[in-house]
Amino acid sequence: MNAVHLIGRVATPPKLEASANGSGYKCRFHLSVPRRKAAGRPREYDRVPLYCFNSTAEFADSYLSQGRLIAIVGRLQSVATEEGTRLACVVEHIDPLDRALAFDDFDGPDEESIENLVIPPVIP
Numbered sequence: 003m004n005a006v007h008l009i010g011r012v013a014t015p016p017k018l019e020a021s022a023n024g025s026g027y028k029c030r031f032h033l034s035v036p037r038r039k040a041a042g043r044p045r046e047y048d049r050v051p052l053y054c055f056n057s058t059a060e061f062a063d064s065y066l067s068q069g070r071l072i073a074i075v076g077r078l079q080s081v082a083t084e085e086g087t088r089l090a091c092v093v094e095h096i097d098p099l100d101r102a103l104a105f106d107d108f109d110g111p112d113e114e115s116i117e118n119l120v121i122p123p124v125i126p
């Protein structure tokens with residue numbers, strides 16, 4: 003069985019483009035996934051290349067941005083690149099796990115909310 007379930011933060015902005023055969027879309031970006039933290043050591047991250055197609059690609063392009071926390075379900079697949087063949091994850095489903103910031107109806111924060119604001123780190 004080839005099944006991948008990952009939770010992490012979007013590390014690079016999704017890039018939407020027409021698929022090679024012109025019949026749909028593909029989107030590629032990277033996911034930063036934390037490793038188990040060893041005692042006394044700083045946390046390390048794996049940067050996983052993700053590919054998604056058609057409606058999933060359009061969703062990623064429209065709703066994901068760098069730093070968003072997401073869960074993905076997909077499968078591993080060999081991908082040919084200029085550097086050679088490597089493994090990537092083909093995404094079949096994306097679940098955002100945090101709320102996107104909406105600035106359309108935002109008048110600005112009050113002083114108390116600024117003091118209590120916790121911003122998650124963006125993983126390079």
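Per our numbering, the sequence shown starts with residue 3, numbered consecutively.
Just so you know, even glycine gets a beta-carbon here, dropped at the ideal spot from N, CA and C.
Please read all numbers here as calculations on a predicted model, not as lab measurements.
- Residue environment: Pro16 is assigned as buried (16 or more neighbouring CB atoms within 10 Å of its CB, all protein chains considered).
- Of the other Cβ atoms in all chains shown, 16 or more fall within 10 Å of the Cβ of Ile74; this residue is therefore buried.
- Leu8 is not a Cβ neighbour of His32, given a cutoff of 8 Å.
- In terms of Cα proximity to Asp97, the closest of Gln79, Arg88, Leu71 is Leu71.
- Note that the C-beta distance between Arg45 and Ala13 is not below 8 Å.
- Straight-line spacing of the CA atoms in Glu19 and Lys28 works out to 6 Å.
- According to DSSP, residue pairing for Leu78 in a beta bridge involves Cys91.
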